[in-house]
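In what follows, a single structure is set out as structure tokens and then discussed.
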Amino acid sequence: MTNDSTTARRRASFTALDSATREELALVREAEVALYDDLPRRILDQLEQLHHVPNGHPVSQLEHCLQAATRAFRDGRSEDYVVCVLVHDIGDVICPHNHAVLAAMMLRPFVDESLCWMVEKHPVFQQHHFYGTLGRDANRRDAYRDSPYYDMTVEFCERYDQCSFDPGYDSLPLSFFKPMVERIFANRGGK
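Numbering (our numbering), first residue to last: 2 to 192.
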């Protein structure tokens, strides 16, 4: 959160919203502005937490996201796309069973619906690359074949997600992506 001690100390005194005064609601709004202003930093902090997510992969979950985002950046993808790739697994920190849904919900006010759909559905599409090895249905993604975003999600998993577990890959650091994260999440959800 923003280190504005004035905002942190000033609190309304209402105990129910229907008794709040105009002045108290102005204090709430002031805090809300600080909350939005600080969103990019909190997202970057959550991304750093991916380093600690146990995953059994050859690289940390953070390194996986950095590799995927680096590949997308080097392919000349749009900034929105690169940031979506960077944060596609951010939900693993607190919501591993529905990590993609959480990431898509976080992105929805800031990027195009096609990118949110890609992020939300990527786990099913990612299964195509390893479920056969486990003796499971590797084609569950086919249930979404009629979606206009099917091909882009196939491509995301093929080019950026399933191949980003390489300990020798020269990923760009999180600090490189910081200005992109700040720009995408600075617009307060106004797309």
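By construction, the Cβ of each residue, glycine as well, lies at the ideal position given by its N, Cα and C atoms.
Quick caveat, the model's predicted, so the values are computed rather than measured.
**Prompt:** With respect to the alpha helix (DSSP H) encompassing Ile185, which residues constitute its N-terminal and C-terminal limits?
**Reply:** Per DSSP, Ile185 belongs to the alpha helix (DSSP H) from Leu175 to Phe186.
**Request:** For Met106, I'd like the list of residues in its chain whose CB is within less than 6 Å of its CB, leaving aside the five on either flank, ordered along the chain.
**Result:** Closer than 6 Å at Cβ, skipping near neighbours: no residue.
**Prompt:** Run through DSSP, which three-state label would Phe166 get?
**Reply:** Here DSSP, grouped into helix, strand and coil, assigns Phe166 to coil.
**Item:** Selected residue, minimal CA-CA separation from Arg72, among Val125, Arg146, Tyr161 and Ser61
**Value:** Considering only alpha carbons, the answer is Tyr161.
**Prompt:** Skipping 5 residues on each side, what residues in its chain have a beta carbon closer than 8 Å to that of Glu25?
**Reply:** Excluding the 5 residues flanking it on each side, Glu25 has same chain C-beta neighbours closer than 8 Å at Ala13, Ser14 and Phe15, in chain order.
**Prompt:** From Leu175, Cys96 and Trp118, pick the residue whose C-alpha is nearest to that of Glu64; which is it?
**Reply:** Nearest option by C-alpha distance: Leu175.
**Message:** Please state whether the Cβ-Cβ distance between Ile44 and Phe186 is less than 8 Å.
**Reply:** Yes, they are a contact pair.
**Request:** Identify, in the order they occur along the chain, each residue of the same chain with its Cβ nearer than 8 Å to the Cβ of Val83, setting aside the five sequence neighbours on each side.
**Result:** Short of 8 Å from the beta carbon of Val83, and not among the five residues preceding or following it, lie these beta carbons of its own chain, in chain order: Ala70, Ala73, Phe74, Phe178 and Met181.
**Prompt:** If you drop the 5 nearest sequence neighbours on each side, which residues of the same chain put their C-beta closer than 8 Å to that of His123?
**Reply:** Closer than 8 Å at Cβ, skipping near neighbours: His89, Ala101, Thr154, Phe157, Cys158 and Asp162.
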